[in-house]
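Asker:
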Amino acid sequence: MSGTVAKVDERGQEPVDNAATWVGTKLRWNLAADDAERQALLGLAEGCPTTTVVYEIAP
Numbered sequence: 028m029s030g031t032v033a034k035v036d037e038r039g040q041e042p043v044d045n046a047a048t049w050v051g052t053k054l055r056w057n058l059a060a061d062d063a064e065r066q067a068l069l070g071l072a073e074g075c076p077t078t079t080v081v082y083e084i085a086p
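Each residue of the sequence shown is one higher than the last, beginning at 28 in this note's numbering.
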């Protein structure tokens with residue numbers, strides 16, 4: 028994860044949507060995050076305290 032996640036992408040999605048989708052994907056597939064990625068996501072999450080990440084565990 029880098030600072031680019033904090034930018035609005037070409038489809039106009041807000042950073043919080045991108046971060047929630049990213050975290051949901053990581054959780055779904057039980058993927059690890061290194062410290063830099065974790066810190067970047069936590070930084071984004073601070074600005075969106077009412078966002079809920081929804082995911083289903085992959086088979």
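Backbone N, C-alpha and C fix where the C-beta goes; we use that ideal spot for every residue, glycine too.
If you count every other CB in all the chains shown that lies within 10 Å of the CB of L71, and 16 or more means buried, which is it?
Answerer: Answer is buried; the Cβ neighbour count reaches 16.
Asker: Check whether the Cβ atoms of V50 and V80 sit closer than 8 Å, and answer yes or no.
Answerer: Yes, Cβ-Cβ distance for V50 and V80 is below 8 Å.
Asker: State the DSSP-derived secondary structure class of A85, mapped to helix, strand or coil.
Answerer: Reduced to three states, the DSSP call for A85 is coil.
Asker: Three-state secondary structure (DSSP) at G74?
Answerer: Coil.
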